[in-house]
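Peer 1: This is the structure, below, for whatever I ask next.
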Ligand SMILES: Nc1nc2c(ncn2[C@@H]2O[C@H](COP(=O)(O)OP(=O)(O)O)[C@@H](O)[C@H]2O)c(=O)[nH]1
Ligand SMILES: [Mg+2]
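Quick look at the structure:
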């Protein structure tokens with residue numbers, strides 16, 4: 267099952283100790299202790315992999331590498347390696363203690379969450395004309411350690427909604443390389459999928475059925491993810507006996523959950539048009555139109571239709587960059 271809420275503890279690397287050492291070369295006696303390396307930082311980076319929080323199912327503690335201690339003969343300790351944790355875009359990172367929140371909103375965006383400690387100075391750096399043989403060195407600073415609550419509130423530019431079997435996952439797979447599971451039965455997708463179309467994040471929101479907003483099926487869990495979708499693609503199967511009522515069922519659930527959801531910009535598609543006779547598709551389109559629903563008939567097997575959908579996405583990208 268998809269993990270979308272998890273508590274973890276992170277600890278950045280400690281800085282290494284500075285060394286107290288003296289030159290072994292009799293010709294040039296003097297302090298030669300190297301400094302400690304810096305501890306590794308912990309970063310969070312956005313990915314389109316919606317299941318990325320699953321990495322914390324059993325691993326609740328993450329540490330970055332410590333800096334190495336300084337050594338004699340001016341050898342500084344190596345810095346600890348940074349740790350980069352990939353989390354789905356839309357992950358809110360909340361520090362339990364302070365309540366401070368950071369959010370990852372873009373794919374590839376990196377946020378520094380825990381800083382590694384700096385390394386301690388070795389005694390070589392404490393030398394001065396007055397103090398030619400310092401017997402002091404600094405300890406390293408400990409790395410930051412934090413308790414975090416990670417919550418995924420999916421962000422997407424385009425959210426695909428519709429009853430089970432409407433062809434949401436198929437369309438997502440056609441437009442992107444999401445690779446979601448497709449099947450000819452309800453609830454093939456029990457988890458939302460994300461795909462990326464030229465930087466545009468498209469999500470496939472499963473499980474919406476009548477009663478979803480009241481907790482029926484799995485829909486409730488996913489409805490909150492639609493809150494942060496900019497544009498809605500509403501899919502209705504051309505195989506449906508009554509596309510208008512399918513459309514209304516979904517709209518009602520969206521509205522019951524949150525009125526704002528039905529104010530979002532929406533495009534309606536009559537999908538799987540290759541599965542219905544031409545006159546039947548026309549009749550269903552006519553019905554939709556009579557009810558004030560402007561739809562476009564598409565099929566994943568129709569290159570032109572998919573090209574049309576891609577054009578709409580291109581326009582959404584343009585609008586987004588203009589804004
Ligand atoms: N012939 C045809 N079948 C489709 C089309 N789109 C989806 N399907 C099939 O319809 C079924 C349900 O599709 P799926 O994408 O899983 O629907 P979802 O439940 O809305 O995600 C699968 O068997 C798909 O292969 C289409 O345009 N034409
Ligand atoms: Mg699906």
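Numbering (the working numbering), first residue to last: 267 to 589.
Here a beta-carbon is modelled for each residue, glycine too, at the ideal position from N, C-alpha and C.
1. Can you round the beta-carbon distance between residue 390 and residue 297 to whole angstroms, since I take them to be within the 8 Å contact cut?
2. Within the continuous alpha helix (DSSP H) that includes residue 516, where are the two ends?
3. For the region 298-339, list the beta strand (DSSP E) runs that are entirely contained and at least 3 residues long, ordered along the chain.
4. Excluding the 5 residues preceding and the 5 following residue 442 in the sequence, name in chain order all residues of the same chain whose CB lies nearer than 8 Å to its CB.
5. Exposed or buried, which one is residue 512 when buried takes at least 16 other CB atoms within 10 Å?
6. Is any non-hydrogen atom of ligand 2 found closer than 7 Å to the C-beta of residue 434, if you look at the structure I gave you?
7. Quick one: which unbroken alpha helix (DSSP H) runs of 4-plus residues sit fully inside the region 395-452? Chain order, please.
8. If we count Cβ pairs, one from each stretch, closer than 8 Å, do we get three or more for the region 378-386 versus the region 402-410?
9. Taking only three categories from DSSP, how would you classify residue 474?
10. Closest to residue 403 by C-alpha separation, out of 566, 340, 326, would be which residue?
11. Fully enclosed by the region 550-576, which beta strand (DSSP E) runs are 3 residues long or longer?
12. Please identify the residue among 419, 379, 423 whose C-alpha is closest to the C-alpha of residue 354.
13. Could you say which of 320, 382, 321, 356 lies nearest to residue 331 if we only look at CA atoms?
14. Suppose you measure from the CA of residue 368 to the CA of residue 561; what does that come to, to the nearest Å?
15. Compute the minimum distance between the beta carbon of residue 470 and the heavy atoms of ligand 2, and state whether it is under 7 Å.
16. Buried or exposed: which applies to residue 304, given that a residue is buried once 16 or more other Cβ atoms fall within 10 Å of its Cβ?
17. Helix, strand or coil: which one does DSSP assign to residue 601?
18. How would you write the range of the beta strand (DSSP E) that residue 461 sits in, first residue to last?
19. So is the beta-carbon of residue 566 under 7 Å away from any non-hydrogen atom of ligand 1?
20. I need the straight-line Cα distance from residue 542 to residue 363, nearest angstrom please.
21. Given this structure, state the Cα-to-Cα distance separating residue 453 from residue 333, to the nearest angstrom.
22. Could you check the C-alpha separation between residue 275 and residue 503 for me, to the nearest Å?
23. Quick check: residue 226 and residue 510, are their CB atoms within less than 8 Å of each other?
24. Ordered along the chain, which non-local residues of its own chain (more than five positions away) have a Cβ less than 6 Å from that of residue 495?
25. Less than 7 Å separating the Cβ of residue 541 from some heavy atom of ligand 1?
26. Within 10 Å of its beta-carbon, does residue 589 have 16 or more other beta-carbons around it, so buried, or fewer, so exposed?
27. Taking the C-alpha atoms as reference points, what is the distance between residue 436 and residue 566?
Peer 2: In this structure, then:
1. 5 Å
2. 509-523
3. 308-313, 327-329
4. 461, 462, 463, 468
5. By the neighbour-count rule (16 or more Cβ atoms within 10 Å), residue 512 is buried.
6. yes
7. With a minimum length of 4 residues, the continuous alpha helix (DSSP H) runs that stay inside the region 395-452 are 434-441.
8. yes
9. coil
10. 340
11. Residue ranges of uninterrupted beta strand (DSSP E) with 3 or more members, entirely inside the region 550-576 and ordered along the chain, are 561-563.
12. 419
13. Measuring from the Cα of residue 331, the nearest candidate turns out to be 382.
14. 39 Å
15. For residue 470, the distance from the CB to the nearest heavy atom of ligand 2 is below 7 Å.
16. buried
17. Because the chain spans 267 through 589 in this model, residue 601 falls outside it and cannot be assessed.
18. Unbroken beta strand (DSSP E) run through residue 461: 459-463.
19. Correct: residue 566 has its Cβ closer than 7 Å to ligand 1.
20. Roughly 58 Å separates the two Cα atoms.
21. With a pLDDT of 47 at residue 453, under the threshold of 50, the predicted position of this residue should be treated as unreliable, though the coordinate-derived value follows. Using only the alpha carbons, I get a separation of about 49 Å.
22. 45 Å
23. Beyond the ends of the chain as shown, which are 267 and 589, falls residue 226; an answer cannot be given.
24. 422, 425
25. yes
26. When all chains shown are included, residue 589 counts as exposed.
27. 7 Å
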